[in-house]
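For reference, the structure discussed in these notes is given below.
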Amino acid sequence: MVEVLLIEDNLDDARLAIRALKKINIVDGIHHCGDGAEAIDFIYKNKAYNDLKLILLDNKMPKVGGLELLKIIKRDELMRHIPVVVLTSSSEGDHIVESARLGANAYLVKSVELPDFEEQLSKVVLYWMNMNNSQNPSAVSEK
Numbered sequence: 001m002v003e004v005l006l007i008e009d010n011l012d013d014a015r016l017a018i019r020a021l022k023k024i025n026i027v028d029g030i031h032h033c034g035d036g037a038e039a040i041d042f043i044y045k046n047k048a049y050n051d052l053k054l055i056l057l058d059n060k061m062p063k064v065g066g067l068e069l070l071k072i073i074k075r076d077e078l079m080r081h082i083p084v085v086v087l088t089s090s091s092e093g094d095h096i097v098e099s100a101r102l103g104a105n106a107y108l109v110k111s112v113e114l115p116d117f118e119e120q121l122s123k124v125v126l127y128w129m130n131m132n133n134s135q136n137p138s139a140v141s142e143k
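Using full-length UniProt numbering, you'd call the opening residue of the sequence shown number 1 and step up by one each time.
Dropping the structure here:
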């Protein structure tokens, strides 16, 4: 089962991301949280760290920000194995460097053009799904 957690406070961006994820048709479950605090609750209450294959994390959010949440995820023994892709509209070098320092697996600057954003997101999700499967042979289904 391929589960993705999308942590995005902008509902329009969340809808676009969910639409892109559904188009690539490899994700069994998409969970959306509107901020970092909600994401923490979701992960621990549902023991989602067992099923999540990818976390898509907005950089700037209310309550618990993206970088703070990234710290929490990468310091937690139960979650640090889950790839985290930071999604943001900011291409500021400081954000990229700090995200990498905190353990982000990738940093994706969201395109303002819908087709480009869908293509960007599809490529990064497919990449990380393939990485998960190549590192965990039992996760690859036989045809």
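Even for Gly, the Cβ is constructed at its ideal location relative to N, Cα and C.
Cα-Cα separation, residue i to residue j
i    : j    : result
E118 : R75  : 30 Å
M131 : G66  : 23 Å
F42  : A48  : 7 Å
K143 : N25  : Bear in mind that a pLDDT of 26 at K143, under 50, signals an unreliable position, so the model cannot answer this.
V2   : L108 : 21 Å
K45  : R19  : 26 Å
A106 : Q120 : 12 Å
K71  : R101 : 10 Å
R15  : K110 : 13 Å
K60  : V4   : 19 Å
D13  : V64  : 18 Å
Element boundaries [beta strand (DSSP E), containing residue i]
i    : result
V109 : 106-109
Coarse secondary structure for residue i, derived from DSSP in three states
i    : result
V2   : coil
N10  : coil
E92  : coil
L102 : coil
Beta-carbon gap between residue i and residue j smaller than 7 Å
i    : j   : result
A7   : A37 : Residue 7 is actually Ile in this sequence, not Ala. No. Outside cutoff.
V85  : S99 : no
W128 : L54 : yes
I82  : L52 : yes
Segment limits, alpha helix (DSSP H) that includes residue i
i    : result
V85  : Run containing V85: none in the alpha helix (DSSP H); it sits in the beta strand (DSSP E), 84-88.
V112 : No alpha helix (DSSP H) holds V112; DSSP gives it neither H nor E.
Closer than 7 Å to chain C by CB, residue i
i    : result
A104 : Reference to chain C is not applicable here, since this structure consists of a single protein chain.
- Message: In chain order, what are the residue ranges of uninterrupted alpha helix (DSSP H) at least 4 long that sit wholly in the segment 20-81?
- Response: Runs of the alpha helix (DSSP H) lying entirely within the segment 20-81, each at least 4 residues long, are 36-45, 66-75 in chain order.
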